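Asks: Position in the sequence shown (first residue = 1) + 12 = this note's numbering. Glycine included, every Cβ here is placed at the ideal spot set by N, Cα and C. All figures in this text were calculated on a predicted structure; none of them were measured in a lab. Pasting a structure here, questions to come.
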Amino acid sequence: EADRMIAALEANGKTLLIIWPLAWYPPHVTSKRLIDQGVIGDVREVHFYDGNRGPLYHGADKVEQEPTTERKAASWFYSRERGGGSLLDYLGYGTTLGTWFHSNAAPIEVTCMVDEPQGLEVDEHSVTVARYARGLSKFETRWGTFSDPWTLQPQPKCGFVIVGSQGTISSYDYDKTVRLQTRQHPEGQDLPVDTLPAPRQNPIQYLVHCIATGEPVAGPLSPAVCRIGQQIVDSAALSAREKRTVPLVK
Numbered sequence: 013e014a015d016r017m018i019a020a021l022e023a024n025g026k027t028l029l030i031i032w033p034l035a036w037y038p039p040h041v042t043s044k045r046l047i048d049q050g051v052i053g054d055v056r057e058v059h060f061y062d063g064n065r066g067p068l069y070h071g072a073d074k075v076e077q078e079p080t081t082e083r084k085a086a087s088w089f090y091s092r093e094r095g096g097g098s099l100l101d102y103l104g105y106g107t108t109l110g111t112w113f114h115s116n117a118a119p120i121e122v123t124c125m126v127d128e129p130q131g132l133e134v135d136e137h138s139v140t141v142a143r144y145a146r147g148l149s150k151f152e153t154r155w156g157t158f159s160d161p162w163t164l165q166p167q168p169k170c171g172f173v174i175v176g177s178q179g180t181i182s183s184y185d186y187d188k189t190v191r192l193q194t195r196q197h198p199e200g201q202d203l204p205v206d207t208l209p210a211p212r213q214n215p216i217q218y219l220v221h222c223i224a225t226g227e228p229v230a231g232p233l234s235p236a237v238c239r240i241g242q243q244i245v246d247s248a249a250l251s252a253r254e255k256r257t258v259p260l261v262k
């Protein structure tokens, strides 16, 4: 499906922007700036953990609800045939921004394990390990966090830890700072997140800018980066299903 979208785009000369909300989170944008400035050297590892208490704990506009066996049975979130499960819900966020942090490098092979909750046909917890030429990265999805990150960050905290040859960054969803560790400051420093500048303050503003100027869509919103992220997701789903390590799906 991703390839069909890209083919249609190329055939018609249109602009396609894939919206990942995490791409607008100031801590993650700040982390990418630090990476591009060489502050932590070459990126070697990306660690991602994200999720929520579960998709049925909240409805539209995050209205609190209580999940029940009956609601799970009726919800597409818990239907294998309809693409349910925490892996397909959350993994793309991590693999797409992870690809961005890795400067668009793709892994060589992927291994994924999922829980198999009794009475459910989809996972509520997945761990994906991607082997790159430079090392291993890990992407973990969870329905069942202790709290929802948009109210109170659970432990583990939702977001990213990025390890480079000269330093590390922790970049957590919704935080007002990122934690930077370098050779000069091994004790770590809390840096305030960047204020997002125009035209990258929201997806509509950025899309209008790209259409008006002809500037190509870049970063984790671009089809090229998102395709690599989707390759990792497809590879992880295959690995979990066949219970083996698989080469990156082409």
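Measuring only the C-alpha atoms, how far is Q305 from G171?
Replies: Given a span of 13 to 262 for the chain in the structure shown, any question on residue 305 remains unanswerable.
Asks: Taking the alpha-carbon of T257 as reference, which of R154, T140 and Q242 has the nearest alpha-carbon?
Replies: In the sequence shown, the residue the question calls residue 257 occupies position 245. Of R154, T140 and Q242, the residue nearest in Cα terms is T140.
Asks: Distance check for L34 and L203, CA to CA, integer angstroms please.
Replies: The residue labelled residue 203 in the question sits at position 191 within the sequence shown. The residue labelled residue 34 in the question sits at position 22 within the sequence shown. In a straight line, the C-alpha of L203 is about 19 Å away from that of L34.
Asks: So what does DSSP say about I31, is it helix, strand or coil?
Replies: For the purposes of this step, residue 31 is taken as residue 19 along the sequence shown, with counting starting at 1. Note: I31 maps to coil in three-state DSSP.
Asks: With a cut-off of 8 Å on the beta carbons, I'd call V229 and L29 a contact; round off their distance for me.
Replies: Your numbering for residue 229 matches position 217 in the sequence shown. Your numbering for residue 29 matches position 17 in the sequence shown. Confirmed, about 5 Å.
Asks: Looking at the secondary structure, which residues open and close the alpha helix (DSSP H) in which V12 lies?
Replies: Since the first residue shown for the chain is 13 and the last is 262, residue 12 is missing from the structure and cannot be characterised.
Asks: List the DSSP bridge partners of L148.
Replies: Position 136 of the sequence shown holds residue 148. In DSSP, L148 forms a bridge with R143.
Asks: List the endpoints of the continuous alpha helix (DSSP H) containing F158.
Replies: As a first step, residue 158 must be located in the sequence shown, where it is residue number 146. F158 -> no alpha helix (DSSP H), and no H or E assigned at all.
Asks: Any idea which residues DSSP pairs S43 with across the strands?
Replies: For the purposes of this step, residue 43 is identified with residue 31 of the sequence shown, where counting begins at 1. Looking at the DSSP assignment, S43 forms no beta bridge with any residue, so it has no partner.
Asks: To the nearest angstrom, how far is it from the Cα of Y218 to the Cα of Q49?
Replies: If you number the sequence shown from 1, residue 218 lands on position 206. If you number the sequence shown from 1, residue 49 lands on position 37. Looking at the two C-alpha atoms, the distance is approximately 23 Å.
Asks: When the distance is taken between beta carbons, is I181 closer than 9 Å to R195?
Replies: In the sequence shown, residue 195 corresponds to position 183, counting from 1. In the sequence shown, residue 181 corresponds to position 169, counting from 1. Contact: no.
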